[in-house]
Amino acid sequence: MKHLTEEQIILHCFGDAENSDAINGHLKECGACRATFDQVKAVLASIEPTPVPEPHESLEQKLWLKLRDRLPERRSSILQRLFSPPKWAVAAAVAVLVLTAFVAGRFWPRDSQRPDQVQSAQVDPQRVVLVAVGEHLERSQMLLIEIMHTDARSSLDLSHEQARARDLLDTNRLYRLSAQKTGDRSVEGMLDQLERVLAEIANAPSTLTEKDLQEIQNQVQSQGLLFKIRVIGSKVRQEETPSHQYSANQRL
Amino acid sequence: MEVTDAAVVAQVLAGDRDAFRILVERHSRGIYSVIYRMTGNPEDTEEILQETFLRAYQSLQRFELRSSFLTWLYRIAVNRTLDFLNAKKMTDTSPIVENPGPEEHQQEVQLRSGNPGPDRLLLSTEIQTRIVTAMKKLTPVERLAFTLRHLEGKSIDEIGHALNLKADAAKNSIYRAVQKLRQQLAPFVGAAK
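Quick note, the sequences are listed as chains A and B, same order. Going by the numbering used here, the first sequence opens with residue 5, and the numbers climb by one from there. Going by the numbering used here, the second sequence opens with residue 20, and the numbers climb by one from there.
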C-alpha cells in the first residue's frame, strides 16, 4: 500500500487536499497515516489564539484625525479637466465682468440721495468664515471652561458635556474645512486643535476616572487652546463692529 | 439607504477627500481584527491600520469598482503587515505564551490553556516554549499564510489573493509552516494528551 505524503495529510487537515474521498478511505485502512493525521491535528489544536480584544471606542475617530492630514488632495479626473475651463478663459470672463461693471457704473442712473453710502461689493471669504465661526467658538469655549473647572473629586459624569461635544465636533469640522478652503491658516489650525480635544471629550467614557479628566484638562492647557479661542473670538468681534458691517442694500 | 463603497470611492476619486472618512469608519474595525491576528500587538496593529488606509487612498485609482472594496483593502492590510513583519523581524520577537501577565498581554499571542493540572502544567509550559521556537522558524509568508488559514479561516483562494500567490504556492506555504511546527511540537503535544 502506498502511504499518503505529509503534504497530503497536512492539507487534508484543512480540507484543502485534492481527492479527499480517496484520502479518507486510505486513512480508514492505514494506521500509520492515521497516526500522522491525528498528530498533525493535535499540533494544530494546540495553537489557538485568544479572541481579538475590542479596540477602543474612538478607533475610527482617532484614525481619521491621524490620516486626514496625510491624505494628499486628489487631482481631478481627465474628464473633469477636459470640461473645466482653462485659466485664461476664467481670467477673460472675470475681465469681461469687471469691464461690464465699470461701463454700467459710468452710464447707469445714480441715486443722488446717498452717493457716499455705496460700498464695495467685494466680500472677503476669510471674513465670512470668521463671522460664522463666532458663535461656535463661544459655545466651545463655554464647554472647555466647564471641563477645566470640573472637580474630579465631586463629579465625573460628563455625559451631558459629551453630547454637547459631539454636536460641536460636527460643526467644527465644517468650519475647519471652510477655513481651509479660504486659506485662513490661523483659524484652521486652532479649529484643528479644538477638533482633537472635542473628539477626546466626545469619545471618552461617560464616567471618567480622575486620571482621564486630568489628561483632557492637560491637553486643553498645554495647547493654550482657551487662549487661542479667545484671540480668534476677539478677531471675530472686531470684524462685527459697525464700521465693518454692511447691509444687504449697501452691498447691492 | 447606505451609500455603497463603490459610490464612496467614486466620490473620493472625484476630489472629495473627506468622503474617504466613510470608508475608514466602515471598515477599520474589521481590518483591525485581521491585522491583530498577525501581530498580536495593539500598537503595531493601529500603525499598520493607518498605513493600510493611507496606501488604499494613494492607490484608489487602481481599485476596480466591480470588485469588493473590502477584499481589496484586506489585501493591502496583509501586505502592509508582511512588510511590517519583515522590517521589524517580528518572527524573532513575538513570543507566544499561554498565560500572559498584564504587560505581556499587549504584545503576545495567547494560546488556549491545555490543562490546569499541576503535573501537566510544566509540560504545557514546555509546549508553549516550543511553539515560540517553532513560530520563530517560520518565514513571514509562512506565518501569514498559516495565520490566515488556521486562525482566520480564510480559503486558499483568499490567501493567494491577499499574498499575491498562486493557489499552489499558498498551499505550499501552509504546508511548510505546519511541517515546521509539527517537527518542533509533535513529541510534546503527544505527551501532553
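Glycine is no exception: its CB is placed at the ideal position from the N, C-alpha and C atoms.
Name, please, each residue of chain A whose Cβ falls closer than 7 Å to the Cβ of residue i.
i               : result
K190 of chain B : L15, D20
E177 of chain B : Correct list: empty, because the minimum Cβ distance to chain A is about 12 Å.
S52 of chain B  : V56
Residues of chain A with a CB under 8 Å from the CB of residue i: which are they?
i               : result
I150 of chain B : S50, I51
H169 of chain B : F18, L48, I51
Around the C-beta of residue i, are 16 or more other C-beta atoms found within 10 angstroms, so that it is buried, or is it exposed?
i               : result
G19 of chain A  : exposed
E139 of chain A : exposed
M146 of chain A : exposed
T9 of chain A   : exposed
V235 of chain A : exposed
A49 of chain A  : exposed
H153 of chain A : exposed
V240 of chain A : buried
A183 of chain A : buried
L92 of chain B  : buried
G35 of chain A  : exposed
K185 of chain B : exposed
P57 of chain A  : exposed
K190 of chain B : buried
T211 of chain A : exposed
Q166 of chain A : buried
A196 of chain B : buried
K32 of chain A  : exposed
G59 of chain B  : buried
G34 of chain B  : exposed
Q203 of chain B : buried
Which residues in chain B have a C-beta closer than 8 Å to the C-beta of residue i? List them in chain order.
i              : result
Q43 of chain A : R201, A205, V208, G209
L67 of chain A : V43, S47, E65, L68, Q69, F72
N77 of chain A : Note that residue 77 of chain A corresponds to Glu in the displayed sequence, not to Asn. Ordered by position in chain B, the residues that pass the 8 Å Cβ test against E77 of chain A are G34, R36.
So with Cβ pairs under 7 Å, would you call residue i a contact of chain B?
i               : result
P59 of chain A  : yes
V191 of chain A : no
K6 of chain A   : no
L71 of chain A  : yes
Pull up the CB-CB distance for residue i and residue j, whole angstroms please, since I reckon it's below 8 Å.
i               : j               : result
A203 of chain A : Q65 of chain A  : 5 Å
R162 of chain B : I193 of chain B : Their Cβ separation, rounded to whole angstroms, is 11 Å, which puts R162 of chain B and I193 of chain B out of contact at 8 Å.
L178 of chain A : S144 of chain A : In fact, because the Cβ distance is near 13 Å, the residues do not count as touching under 8 Å.
L230 of chain A : L148 of chain A : 6 Å
I54 of chain B  : L68 of chain B  : 6 Å
F88 of chain B  : A25 of chain B  : 7 Å
Could one say the Cβ of residue i lies closer than 7 Å to chain A's Cβ atoms, at least one of them?
i               : result
Y93 of chain B  : no
V28 of chain B  : no
V216 of chain B : As displayed, chain B neither begins before 20 nor continues past 212, which places residue 216 of chain B out of reach and without an answer.
V197 of chain B : yes
R40 of chain B  : yes
R81 of chain B  : no
Using the beta-carbon of each residue, which ones in chain B are nearer than 7 Å to residue i?
i              : result
E11 of chain A : Y194
E64 of chain A : V43, E44, S47
R74 of chain A : L73
Q | Length at least 4, wholly inside the region 147-219 of chain A: the alpha helix (DSSP H) runs in chain order | A | Taking only runs of at least 4 residues, the alpha helix (DSSP H) segments lying wholly in the region 147-219 of chain A are 163-186, 189-207.
- Counting only runs that start and end within the region 173-205 of chain B, where is the beta strand (DSSP E) found for 3 or more residues in a row? Runs of the beta strand (DSSP E) inside the region 173-205 of chain B: none found.
Scan the region 31-69 of chain B and note each continuous alpha helix (DSSP H) run of 4 residues or more that stays entirely inside, going in chain order.
Counting only runs of 4 or more, we get 39-58.
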